[in-house]
Every structure is written in structure tokens, then in C-alpha cells.
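Structure record follows, encoded as C-alpha cells.
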Amino acid sequence: MTELAERPANPAATAADRPIGFGRIQRKEDPRFVRGRGRYVDDIVLPGMLHGAILRSPMAHARLVSIDTTEALAHPKVHAVITGRDLEGLNLAWAPTLSADVQAVLATAKVRFQGQEVAFVVADDRYAARDALELIDVEYEELPPVVDVRRALDPGAPVIRDDKEGQTDNHIFDWEAGDRAETDAVFAAAEVVVSEEVVYPRVHPAPMETCGAVADYDPVDGKLTLYETTQAPHAHRTLFAMVAGIPEHKIRVISPDIGGGFGNKVGIYPGYILAVVGSIVTGRPVKWMEDRSENLMSTSFARDYVMRGEVAATRDGKILAVRTQVLADHGAFNATAQPTKYPAGFFSIFTGSYDLQAAHCSVTGVYTNKAPGGVAYACSFRVTEAVYLVERMVDVLAAELEMDPAELRLRNFIRPEQFPYKNKTGWEYDSGDYEPTMQLALRMAGYEELRREQAEKRSRGELMGIGLSFFTETVGAGPRKHMDIVGLGMADGAEVRVHPTGKAVVRLSVQSQGQGHETTFAQILAEELGIPPEDIDVVHGDTDQTPFGLGTYGSRSTPVSGGAVALAARKVKEKARAIAAAMLETRPEDLEWEKGRWYVKGDPGVGKTIAEIALGAHGTVELPEGIDGNLDAEVTYDPPNLTFPFGAYVCVVDVDRGTGKVHVRRFVAVDDCGTRINPMIIEGQVHGGLADGVGMALMEFIGFDEQGNNLGGSFMDYLIPTAMEVPDWETGHTVTPSPHHPIGAKGIGESATVGSPPAVVNAVVDALAPFGVRHMDMPCTPARVWEAMQGRPTPPI
Amino acid sequence: MQVPAPFDYVRATSVADALDLLERHGPESRVVAGGHSLLPMMKLRLARPEWLIDINDVAELDHVTRDGDWLRVGALTRHATLLSSALVGELFPIVHDAERVIADPVVRNRGTIGGSLGQADPAEDLTTVCDVLRARVVVTGRAGERVIGMDEFHRGPYETACEQSELITEVRFPIRPRSGSAYEKVERRVGDWAVAAAGALLVLADDGTVADATIGLTALGLEGCAVDAAAVLLGAHPSEEVFAEAGRLAAAASSPVEDQRGPVDYKRHLADELTRRVLRSAATRAGAGVLTATTGG
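First to last, the protein sequences are chains A and B.
Residue numbering for the first sequence follows numbering that gives the first Met the number 0, beginning at 0 and increasing consecutively.
Residue numbering for the second sequence follows numbering that gives the first Met the number 0, beginning at 0 and increasing consecutively.
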């Protein structure tokens, strides 16, 4: 790993230097993971547990003529076979999505994408369940599929959603942001306008752990215990209460260790519901765990935006306005997960990091015969698409103006004194100081030297590219008055309890899928109360044990639950002050705080530690009026605004002229996520996101053939990068705290995934400049890069 | 979790035992060695053998031995063993070139040369390597051994001369003095199947001209070697010009199909490009002097 001058040695290595609060400490959860003692959904084994498997449609669009389950039912190990018709009887054939649509739990009249759920078998073991799937006889009558998103709205296109009353085409929504007239006026008067179709193709989060559930319905007390791979256990509990009609107090959702989410585990999949139905029907616990192909073919994909991007500028490089029209492929059901008022997520942040006069975007969502989903893969609710579009288009403009892309960006940044900055599509950027971040990245990369090397190589016919991106994220959704998911406000809770001996537990409504919550949240509490992180237990992922909240996605855990923990800790601290005053027989206002201890002003030797105060609170100390006998507090935090992390990335690639193969030689990432809680965890998050970004830029892609067959249904076809495709990451940081967040933290989980694809693609396009290439779409596979050299940088869809 | 259809399993203790088991369990039995092709196909239920005959205990099939002018490689020899063998690298650098880009270390630790040839996937690398080196394959049945050339052994995609009741037991490589060989592959990512690859062997005469040459292509729709391309090299001094001509002819001999890895014209271009590259490496490795100045592409 590249060592940077400003990066200190890892003090986590020596216990003596362990910070009580923010700083580098090794992850508390890692010992169990590295020793193979994690407990994932598939590790859950309950007495009498049965296994479910799903029969899936081999066709993209077909009428279901008949399903014969006789032979499957006759299998000696099969307990139940459930079809769409059975579910219709229970009023469970359709479930609401997170986007005001419905999704078939099991297909009834039609199948609408390849891989759609058609029947569910419950058997003694997973082998028998799979064997029995082959005994189900389904007759399909094939229908013409809608595969090409550009033709989905053609008159005469097959209507996919004939289940929806009044639906006569494949149109889902039109949505816009910004001022169209104002933007058009700026464009009409501009000296320079560049325009490009930019495709962000369909990719998949592909978490290492696929999705699954163990449902345990107790027919005696009517209580459902549901172990699930979910990023949002509380939201799932509420939705299950609404959908299945089980009272909410009778539902316990447990999300144990989760092997990666990236947005893939936000929604409720038919498999989860089927496990519950299976358990109710058989009276026994039922496990359902999808396989890799099921995960890739049927669960939430990401992106699939065809964007027409335009930038208006002056000849000397002042960007005036941006506008875009987007065609969004939402698949067969509109099941994207995002705040209700934002059908295109936060895409309207496509104004990027630049001070503009005008901006307008419009997004049209359509149905196609493909798997549903759309918002997933660490995208911060479509900020990924937005950042990719604007950062790609700024490079297109730089090429048009024959201006250095770094210079062009520096010339157009929002200036530090403009924050909080209101952009032209309604966002208020909380804080930023972009230029130093950009300059640091350029310095770390040795930008000018790289440009010299490039010029030299070009003169020899070698292809080297340098790509930049500067992104601003909008994360931490969000203020309840603006943001909800199916009516649930996007606040999150935390409960802090300090035990009599001074150890503590903090209970969170968010759930880790690998982000290191057990460490980060302990450190927030440690910073506030002075209790060492190792003395703090972090509880999450069990709705019976944690306060309500909407869960972990959109980089919202630290911005939202992190705020809740800090504020709950501050309540505890104030309570401790009152109790300490009683113990010291003085007044609270005569006490001063140092980390972990209240002491008497002017007499630092006289004081009480948090542990002493905790024992006092639970002991026999005479408590002041209004103070009850504990050191506990809880907070539900409703963030006043989103947070806006940002960063500057530089990617260096070499392209093999003869084969089109791209080699990512270097990658410099300078991130600003405000206050840094655990730099080691931040770097880990950045490393992972950068690998994601390189993957999307170079190889990840879910394509479909003309019949709607999924061409990315296994890891042989859906490529994710290995250590061989990524360079040593060179990371750096600046710190611009969020002014409105209790500890100034902004969130980091998705920054690198959002920011890195444009840097890689910009580098590839830069390398291909000698061929006159201004744009090529992802994935930059060898064949597609070679085609771009031949003058046909064709879109992937 | 992907799970295969039901099957039975037995471990063979020797070649003779394996042959007996194949005979006993009949046409629905399959031999498993590294299992890196068969097991994924079984998990996807594309393959459904009733019996798996595991030959991993058959130690007599795991050897790399020099025997006069031949290098004998047991069919159970792992990719990793070939890659770590200095002898193999010295005699046949093409094998190391290819092994370095076969899947990843986990696969190479387990996968075998016999399994690769027997699977005969069109994007499989060692078939091309064996074609190029004019290897001979030993196929053993209850009646005895057959030693056959690659042209006879390899019948096409997923098809070889090894009958259901037979076992691939050894691969024999002729050792050629003053020879050089090389292999190069383009893949979308480490571990992916080849977009395309090429391999070449050059044997030089005392005067430095090409005495023998073979060129093979992987995943490019060519069965066997690119004979016309190799023919233009014979008697010529290695040079960019003849390599360019060989590349052109190799591309002409290829008949790739479009897929997610690329369109036809790109793959045909790779046939040309990679042929020229492996010829350059092979010539250098054979000890050819400085190549004549080039005007060709």
C-alpha cells in the first residue's frame, strides 16, 4: 500500500496508543470474521427447519398457460409447492414495492422477466427442493419482449404491465428538476455547447453473500421471527406488517452478520415473503437462500440510465449551465428504493461541484422485460449516475475547448465563501472547500509530470491516459419533512446505556453489511463520553433489541444514526453532570468536562469519572430532582439537511494499442468526508469503492439478448475485478466538517463508488484522444476500446 | 447455493481401477480430476453424471519426466506443477506463458492438464499449446494404450478421441533443439475465458532460417494449427515482414463468432496481432538475432 507523508503509522497496532474516541483502531468485529465465526443468515439452523427453492421463469415475457405441481408434490421429501394462484387466494400474489408500484411475489397470468419467481417448493433439504423444481411442469406461451429501452415507449410496443388498470404503454413516470426555460435561454445564448449521449449501463451490486431468509412462524402465539439479509430490518418489519397482515408487535426481524449489501438488500424480495408463507403453511421454520445466478438475475440491479448530457459554456471555459434528458430502464416492476418524492433519486445533483447559472434535468422511467430494481450498488440514490454524467461531460467540454480538464474544473468550482451553496436544482450544499482537495490530488499524482510523460509517449504512438473526476455527493437522507420511504420518515435512532460498572451498550436502528459499525459507533460514543471503544457493545440488526429507524444505505449511517449516537451521548453526559454534582455536593454549573470525567472548576483533582457516576446513578447516591437512576438516553435524529462529501480522483491508465486492453496503473483518491471517525475504516471503504468503480468502468455489465435472456447471470459472465485489475490505491484526505451534523461527519460509504467510474473512463478516453475519441461508454472492455479506436465507440445498449 | 442433481461417487486407486470403474458404471459415469469444469456444470445441472469416478488418488498419473527427446507429463499433473517446473519453462516457455494466464491460482492448484484437454473447451489454452508443440496424447483403455497426435485426439469443441471407457493418462511433448515458443492471451479480466489467444513454435536451422513453425489460435474458431500462416515462415529469416504475413494468414484462417467478449472483426484482428506477438517472442527465445527493420504493421 502506498504510504503518504501525512498518514501516520497505524497506532492500532499498539494497544497503549489506542485512541479513546476518534482515530485508527482495528475493527472490533474483525476477530470473528477472520476466524470464521461470523453468523450469517445461511448459518442459522433451527430445529425442524425446512428448505425452500424458487422455480424461475426461463423466459422474459410469456403468458402462463398452466402449472402442474403434481409430480413435485409427490416427491417424498417435499412438504409444499406454492404457486401464484395459491397466493392469490391469500391475497399475497402481489406485494407493494418501495416505489408505489406492485411486484409479483409469484407470477400469476404472465412472467415479465427472465428469472421471475413462478413457484416455491418447500422440502426437507435444499437438494430435494432443487430436485423438485425440475418436477414442476409449466406451460408458457411466449410473448414478444421489450428489451431495448429506447423502444419501450414506441407505439405498438407490447404492454408489459397489463395487470395495472389503465396502463396502456410502458411509461412509468416523467420527473424534472431545475428551471427549463431559464436553462434553455442560457444554452441559446452560449458561445459553446457540447452534447453527448452518455450511458450508464446496467450493473449489479453482487454482494459476496447472496440474499436469503429463515422464517419461523409460531402458529401458537402468532409470532414471526424472520432472519433476513436486510440493510433495513425495521422498515422490513413495518412493511411485513402492512403486507402480510401480521401485527407489527408479533414480528421480529433479525439481520445477523451480512456479507455485503451495496443496496442489494434494501428491498423486500419475493423470496423473503415466500419463506414466510412457507413457514405459515408448513408450521415449521423455512430457510430460503438464493444462489449466485438467482442473485444476479432477479435481485436489484443498478443504474441503466441513458442520458443525453449537454453543457453550455463560454469560449474561455466558464461553465454556464447543464441540462439532460434521461431514459431510465426500471425493469418489469418499479421497485427502486428511494425517498418517495424522488423517483429518480437524487439525480438532480448532476450540477456537480460547479457554480452554474442554470440547470435542468428530466427523467422518464419505463418498464422493460428485465429484472426490477435500479437504485443499488453504493449509488447514494442515483448520485452515481449524476456524477458520472457531469464529470464525463466536463471532459467533453475540455476537449472541445482544448483546455486542460484540471484547469477547467478549478475554474468552475463553487468557491468556499459560497457555502452553504444553493444549486439550481434545489439542493443546499452544506460545506465545501474544493480547490485544496483538487490540488492535493494533483500534487499526489504528480499531474504535470504525468502530462509530460503522456506527451512523450504519444509522440511514440503509445496510449496513456490521465483521468480526473471531482465529485460532490449528497448523502445522509434525510430530513423527515422531505424524505420518506413508503411513508416512513428517514430518521434513525440510537439508545445508549451506561452500565453500573461504566461499560456501555449502544443500540442502533441501522445495520452494518461490512461498514464497521461496531467500531465506528463505539468510537463516537467513546469520543463523547470517554469510555474506551472496547468497553462499548454495539447492538444492531434485531428489531426487538434496537430502536426504530430506516437502516443503512445511501451512506446514511454516520450522517443519521451517527448523529443520534452523539446526541444521545450528550444527553448522558449532561445527566452525568447532574449526578456528579450530587456526588460531589456541588452545583452542575460548577463542573467542567474532560473526556470521561466531570471535575470541579479550579480543582481538577476533585471529580468523578463516568464509571463512578454510573455506579452512583445505579447505587445509593441521592439523585437530584428530575434525574432517574440510570445513565441511559435515547434519541431519534432527524437530520436538518443532507451532507455533501466530496473528493478529487486521478486515474492513470495505459492502453494496449494492439489489443485494446486497459491497464489501470495508478489511482489517487483524495476524499473529504468531514470529521474522520476511524481513518482506517474510511480508507477501507474508499478502497472497496474504488475497486467497484474500476469494475464498472472496465468490465461489469448485465446485457440482454433480443429475447431478453440475461447475459450476466453468473460470475463467468458478470465480471468483477480482482486484485490483478486494480492498482495500489493512493489515498489522501482533506477535512471540511459538516456544519449541521453533531460531530461534523458526512459519510464515506459510497464516495469512491460514485467518484471513481468517471475518473477511469475519462482516463481511457484521454488515452484514445489520438484517435479523435471524445466519449465511449462503459464497460471499457478490450473489444469496446478497440472499437472506439476504429471510430465506433458504440453504446453497450 | 447451486446444488447438483443426485449422483454417486467413487475413488479410483489406480489407472486399472479407474478403467474398471468406468466399465462398471457405464456411459453415465464421468471421471473427475480437478473438477473445475465438471463441477460447475453439475451445479448448474448442465451435466448430470450418475457416477463420479475420482482419480485424484491415482499418483501414477502425476509426473513430469524427461525421457530422451520427450517430456512426459502425467494427465493428473496440476497447472500449478507445470507452472512451477523449471524444466517445463526451459524446454517449453509457451507452457509457462499459458499457465500464467489460466484462471487463477486456486484453479491452477487443482486443475489438471488431462482435464483441460479432455474438456476441450474452445477457449481452453492447453489444447492450443499442445497443438503448437505437436504433443501426443496417451489414451488408455482396458485393451491398452493408444498414443495419438493432437490432430487425431482433438475432434472439436468438447469432443476428443478419448472414449467413455478410456482415460487420458499422459501427454508427451517432443523436445526440439533451437526452438522457441510463446503464448499470449487477451482476456477481459484475470480468470475470464480467452477473448482470443495465440501460440507459436519456431525451430531454427543452423543458418538462422525457420526450419519448422506452428501457429495455434484459441477461441478463434480454428481447429488445429494455422497451417498456411506457419508455411510462410519456413525457410525465411524471422522478420517483422514474414510475421506480418503470418499474422494476416492466421487472421484469415480464423473464424471467430461474436459474443460478449467482442465482435468478429476485433477477434480476427487479435488473431493477427497476437500471432505477430507470439512469433516475435518465440523467435527471440529460439535465439534469433536482431529482426530486420520493419515496414509492416
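Note that beta-carbon positions come from the ideal geometry of N, C-alpha and C, so glycine has one too.
Is A:Met0 buried or exposed, if buried means 16 or more other CB atoms sit within 10 Å of its CB? For the purposes of this step, residue 0 of chain A is taken as residue 1 along the first sequence, with counting starting at 1. Bear in mind that a pLDDT of 43 at A:Met0, under 50, signals an unreliable position, so the model cannot answer this.
Endpoints, the alpha helix (DSSP H) within which A:Ile171 is located: The residue you call residue 171 of chain A lines up with position 172 of the first sequence. Per DSSP, A:Ile171 belongs to no alpha helix (DSSP H); it is in the beta strand (DSSP E), His170 to Gly177.
Under a three-way DSSP split, which group does A:Arg160 fall into? If you number the first sequence from 1, residue 160 of chain A lands on position 161. DSSP places A:Arg160 in coil when its eight states are reduced to three.
Cβ-based burial, A:Leu462 [other Cβ within 10 Å; buried from 16]: By one-based count along the first sequence, residue 462 of chain A stands at place 463. With 16 or more Cβ atoms within 10 Å of its Cβ, A:Leu462 is classed as buried.
Within chain A, the residues that B:Glu272 reaches when beta carbons sit closer than 8 angstroms: Within the second sequence, numbered from 1, the residue matching residue 272 of chain B stands at position 273. In chain order: Gly657 and Thr658.
Under 7 angstroms between C-beta atoms of A:Ile523 and A:Ala503: Here residue 523 of chain A refers to the residue found at position 524 when the first sequence is read from its first residue. Here residue 503 of chain A refers to the residue found at position 504 when the first sequence is read from its first residue. Taking C-beta atoms as the reference points, A:Ile523 and A:Ala503 fail to come closer than 7 angstroms.
Using beta carbons (cut-off 7 angstroms, strictly below), is A:Glu399 in contact with chain B? Locating residue 399 of chain A in the first sequence gives position 400, counting from the first residue. No, no contact with chain B.
Given that B:Met0 touches chain A, what residues does it touch there, using C-beta distances under 7 angstroms? Position 1 of the second sequence, counted from the first residue, corresponds to residue 0 of chain B. Within 7 angstroms Cβ-Cβ: Arg125, Met288 and Asp290.
Using a Cβ-Cβ cut-off of 7 angstroms, state whether B:Thr294 counts as contacting chain A. Residue 294 of chain B sits at position 295 when you count from the first residue of the second sequence. Because the pLDDT at B:Thr294 is just 41, under 50, the model does not fix this residue reliably, and the value given afterwards should be weighed accordingly. Judged by the 7 angstroms Cβ criterion, B:Thr294 is not in contact with chain A.
If B:Ser28 sits next to B:Pro3, beta carbons under 8 angstroms apart, how far is it from one beta carbon to the other, in whole angstroms? Here residue 28 of chain B corresponds to residue number 29 of the second sequence, with the count starting at 1. Here residue 3 of chain B corresponds to residue number 4 of the second sequence, with the count starting at 1. No, B:Ser28 and B:Pro3 are not in contact; Cβ-Cβ is about 14 angstroms, not under 8 angstroms.
Is B:Gln118 close to chain A? Criterion is C-beta to C-beta, closer than 7 angstroms. As a working mapping, residue 118 of chain B is identified with position 119 in the second sequence. Answer no: the Cβ-Cβ gap between B:Gln118 and chain A never drops below 7 angstroms.
Please name the residue, chosen from A:Gly501, A:Ala668 and A:Ala94, that lies closest to A:Gly445 on a Cα-to-Cα basis. Counting from one through the first sequence, the residue named residue 445 of chain A turns up at place 446. A:Gly445 has its Cα closest to that of A:Ala668, out of A:Gly501, A:Ala668 and A:Ala94.
Along the chain, which unbroken stretches of the alpha helix (DSSP H) at least 4 residues long are found entirely within the segment 37-123 of chain A? 69-73 and 83-88
Can you pull the chain A residues whose beta carbon is under 8 angstroms from the beta carbon of B:His268, in chain order? For the purposes of this step, residue 268 of chain B is taken as the residue at position 269 of the second sequence. What B:His268 touches in chain A: Trp785.
If the cut is a Cβ gap below 8 angstroms, which residues of chain B does A:Gly475 touch? Working through the first sequence from its first residue, we reach residue 475 of chain A at position 476. Here the premise fails: no neighbours, minimum Cβ distance about 34 angstroms.
Output the residue ranges of the beta strand (DSSP E) runs that lie fully inside the segment 255-331 of chain A and measure 3 residues or longer, sorted by chain position. 285-288, 300-312 and 318-328
Status (buried if at least 16 other CB within 10 Å, exposed otherwise) for A:Gln789: What you label residue 789 of chain A is simply residue 790 of the first sequence in a count that begins at 1. Burial call: exposed.
Look at the alpha carbon of A:Gly372 and the alpha carbon of A:Gln438, and state the distance between them as a whole number of angstroms. Counting from 1 along the first sequence, the entry for residue 372 of chain A is found at position 373. Counting from 1 along the first sequence, the entry for residue 438 of chain A is found at position 439. Going by the C-alpha atoms only, they are around 38 angstroms apart.
With DSSP run on the structure shown, which of helix, strand or coil describes A:Val559? Residue numbering aside, residue 559 of chain A sits at position 560 when the first sequence is read from its first letter. DSSP places A:Val559 in helix when its eight states are reduced to three.
If we require 3 or more residues per run, which beta strand (DSSP E) segments fall completely within the segment 566-654 of chain A? 590-593, 596-599, 602-608, 630-636 and 645-654
So, does the CB of B:Val106 fall closer than 7 angstroms to a CB anywhere in chain A? Within the second sequence, residue 106 of chain B is the residue found at index 107, counting from 1. No - not a single Cβ of chain A is within 7 angstroms of the one on B:Val106.
Indicate the three-state DSSP secondary structure (helix, strand or coil) for A:Met207 in the structure shown. Position 208 of the first sequence, counted from the start, is the residue given in the question as residue 207 of chain A. In this structure, A:Met207 counts as coil in the three-state DSSP scheme.
Across the segment 265-276 of chain A and the segment 82-101 of chain A, are there enough close Cβ pairs to call them in contact, namely three or more that are closer than 8 angstroms? yes
Sequence-distant residues of the same chain with beta carbon closer than 7 angstroms to B:Arg267, five excluded per side: Taking the first residue of the second sequence as position 1, residue 267 of chain B is located at position 268. Result list for B:Arg267: Ala250, Ser253 and Pro255, in chain order.
For the ligand FAD, is there any heavy atom lying closer than 6 angstroms to the beta carbon of A:Glu472? As far as ligands go, the structure on display features none, and thus does not contain the ligand FAD.
Tell me which same chain residues have a C-beta within less than 6 angstroms of the C-beta of B:Ala79, skipping the five on either side of it? Position 80 of the second sequence, counting from 1, holds the residue named residue 79 of chain B. Excluding positions up to five away in sequence, the list reads Arg107 and Asn108.
DSSP bridge partner residues for A:Gly731 (one or two, in chain order): Translated into the one-based positions of the first sequence, residue 731 of chain A becomes position 732. A:Val669, per the DSSP bridge assignment.
7 angstroms Cβ cutoff met for A:Tyr799 and A:Arg569: The structure shown does not extend to residue 799 of chain A, since chain A spans only 0 to 796, so no value can be given for it.
Return no unless some Cβ of chain A is closer than 7 angstroms to the Cβ of B:Tyr265. By one-based count along the second sequence, residue 265 of chain B stands at place 266. It does; some Cβ of chain A falls within 7 angstroms.
Spatial neighbours of B:Gly110 within its chain, please: C-beta separation below 6 angstroms, excluding the five flanking residues on both sides. The residue given as residue 110 of chain B occupies position 111 in the second sequence. Around B:Gly110: Gly33, His35 and His78.
Members of the segment 234-267 of chain B that neighbour chain A once the beta carbon cut-off is set at 7 angstroms: Gln259, Arg260, Gly261, Pro262 and Tyr265
For A:Glu705 and A:Val285, I'd like the C-alpha separation in whole angstroms. Translated into positions along the first sequence, residue 705 of chain A becomes position 706. Translated into positions along the first sequence, residue 285 of chain A becomes position 286. Distance between the alpha carbons of A:Glu705 and A:Val285 is about 37 angstroms.
Identity of the residue in A:Leu49, A:Val110 and A:Thr608 nearest A:Pro144 by Cα: The count along the first sequence starts at 1 and reaches residue 144 of chain A at position 145. The shortest Cα separation from A:Pro144 among A:Leu49, A:Val110 and A:Thr608 belongs to A:Val110.
With DSSP collapsed to three states, give me the class of A:Ile245. In the first sequence, residue 245 of chain A corresponds to position 246, counting from 1. Of the three classes helix, strand and coil, the one that applies to A:Ile245 here is coil, per DSSP.
Closest to B:Ile93 by CA distance: which of B:Ala245, B:Glu183 and B:Gly246 is it? Translated into positions along the second sequence, residue 93 of chain B becomes position 94. B:Ile93 has its Cα closest to that of B:Glu183, out of B:Ala245, B:Glu183 and B:Gly246.
Spell out whether any CB of chain B is found under 7 angstroms from the CB atom of A:Ala782. Sequence index remark: in the first sequence, residue 782 of chain A carries index 783 (1-based). Yes, A:Ala782 lies at the interface with chain B (some Cβ there is under 7 angstroms from its Cβ).
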